[in-house]
Amino acid sequence: MPGPGNILSNVVLSQLEEHAPFGGVVPEIAARAHVEAVDAIVETALAEAGVPPETLDAIAATAGPGLVGGLMVGLTTAKALALAWDKPLVAINHLEAHALTARLTAGVSFPFLLLLISGGHCQLLGVEGAGQFQLYGTTIDDAVGEGFDKVAKLMSLPYPGGPNVERMAKQGDPDRYALPRPMTGRAGADFSFSGLKTAVRQWARQPEFRPSDRADLAASFQAAVIAILRDRLHAAMRMFRSAKPRDIDPVLVISGGVAANTAIRSALTQAAADAGFRTVLPSASLCTDNAAMVAWAGLERTQLGLFDSLSTAPRARWPLASLSAG
Ligand SMILES: Nc1ncnc2c1ncn2[C@@H]1O[C@H](COP(=O)(O)OP(=O)(O)O)[C@@H](O)[C@H]1O
Ligand SMILES: [Mg+2]
3 MPGPGNILSN
13 VVLSQLEEHA
23 PFGGVVPEIA
33 ARAHVEAVDA
43 IVETALAEAG
53 VPPETLDAIA
63 ATAGPGLVGG
73 LMVGLTTAKA
83 LALAWDKPLV
93 AINHLEAHAL
103 TARLTAGVSF
113 PFLLLLISGG
123 HCQLLGVEGA
133 GQFQLYGTTI
143 DDAVGEGFDK
153 VAKLMSLPYP
163 GGPNVERMAK
173 QGDPDRYALP
183 RPMTGRAGAD
193 FSFSGLKTAV
203 RQWARQPEFR
213 PSDRADLAAS
223 FQAAVIAILR
233 DRLHAAMRMF
243 RSAKPRDIDP
253 VLVISGGVAA
263 NTAIRSALTQ
273 AAADAGFRTV
283 LPSASLCTDN
293 AAMVAWAGLE
303 RTQLGLFDSL
313 STAPRARWPL
323 ASLSAG
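Under our numbering, read the sequence shown as residues 3 to 328, first letter to last.
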């Protein structure tokens, strides 16, 4: 069983400053920033790791899903390196990289239940192996991180919203505003966050809403998110259990940028423990997008001999459930 792994280098370049004035990611800025930075990042990573290129086993790069401009820059660079150094290419699904991170950090074995909560995604999946996923639930509208970012914007908190809403929520009263909890109690394990966001907007636009009310609204929003996640997680834990043999020690992995939220981490860990699941949470810096998780997914695929051709194209959409191991 692979993992835990040893991270030799994990260079992460954030573009937050470039995008902050616009309150969100601007595709053209993202693509240009990738072009400007990628060569130096590869050099720094190799220097920090202290490994000569000829000792590498493969070159892994994200091929999707996401903004094609940035993906194209990374994937093309990886192809050039693979060609120059005569190494196989591994094209990584970004969601699979988030999904497998707990094997890098904690050596978690298959199968496990995964809650992936990030800026672009909100999914509950059974992870059977690299490339083998079963979808239990997904959002039918916004992703949870997107909800945090939009709520931050409504309250004039700086981008990215998640950490700022969490900071505000710490000082607020979560019972002050009554907010909806869409989809809770429904069959299946799908999510919905847009009604919650709309309710927050209505409160924030009230003429009597003051900056001093923001902490209570942030706390009420975060409490509603936790209630929704907890309810849907319970549904997925039941599905996971009924699909698996009784003798496995059930594990829940929570990953993606929103898993950096301490209140969400502790509430869901408790909910899982109540249902007999052990929770594994990668550290906050490995929950948000990073290079090591992509390298790790590359390692797992390399061990299975799952390489990709140099004609592989980046994909804007690439659902995990459509991946196959072969
Ligand atoms: N402490 C936090 N609380 C809530 N959300 C957070 C926190 N930290 C980061 N996020 C959210 O995580 C998202 C970024 O996660 P990431 O995995 O990079 O997303 P994606 O890859 O889908 O763009 C953003 O929406 C951000 O607001
Ligand atoms: Mg991500």
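Backbone N, C-alpha and C define an ideal beta-carbon position, used for all residues, glycine too.
Whole angstroms is fine: what's the gap from residue i's alpha carbon to residue j's?
i           : j           : result
residue 198 : residue 280 : 29 Å
residue 11  : residue 258 : 20 Å
residue 231 : residue 146 : 9 Å
residue 46  : residue 13  : 7 Å
residue 328 : residue 209 : Reliability of the predicted coordinates at residue 328 is poor, the pLDDT of 44 falling under 50, and the value obtained from them is presented with this limitation in mind. Computed Cα separation, rounded: 57 Å.
residue 267 : residue 320 : 27 Å
residue 40  : residue 50  : 15 Å
residue 29  : residue 246 : 42 Å
residue 189 : residue 237 : 8 Å
residue 6   : residue 94  : 19 Å
residue 275 : residue 15  : 35 Å
residue 52  : residue 25  : 38 Å
residue 296 : residue 212 : 43 Å
residue 305 : residue 120 : 28 Å
Taking the alpha carbon of residue i as the reference point, which residue from the options has its own alpha carbon closest?
i           : options      : result
residue 256 : 128, 160, 22 : 128
residue 67  : 60, 77, 59   : 77
residue 248 : 32, 113, 87  : 113
residue 35  : 172, 234, 18 : 18
On the premise that residue j lies in contact with residue i, defined as a C-beta separation below 8 Å, what is that separation, rounded to the nearest angstrom?
i           : j           : result
residue 312 : residue 89  : Wrong, their Cβ atoms sit about 11 Å apart, outside the cutoff.
residue 284 : residue 107 : 5 Å
residue 167 : residue 220 : 5 Å
residue 61  : residue 42  : With 8 Å as the limit, residue 61 and residue 42 do not qualify as a contact, their Cβ atoms being about 17 Å apart.
Return yes when the Cβ of residue j is within less than 8 Å of the Cβ of residue i, no when it is not.
i           : j           : result
residue 92  : residue 310 : yes
residue 277 : residue 241 : no
residue 117 : residue 254 : yes
residue 177 : residue 161 : no
residue 70  : residue 262 : no
residue 282 : residue 104 : yes
residue 217 : residue 171 : yes
residue 187 : residue 143 : no
What first and last residue would you give for the beta strand (DSSP E) that runs through residue i?
i           : result
residue 253 : 253-257
residue 18  : Careful: residue 18 lies outside any beta strand (DSSP E), inside the alpha helix (DSSP H) at 18-21.
residue 235 : From DSSP, residue 235 is part of no beta strand (DSSP E) but of the alpha helix (DSSP H) over 216-245.
residue 66  : 61-66
I'd like the span of the alpha helix (DSSP H) that includes residue i, first residue to last.
i           : result
residue 300 : 293-305
residue 166 : 163-172
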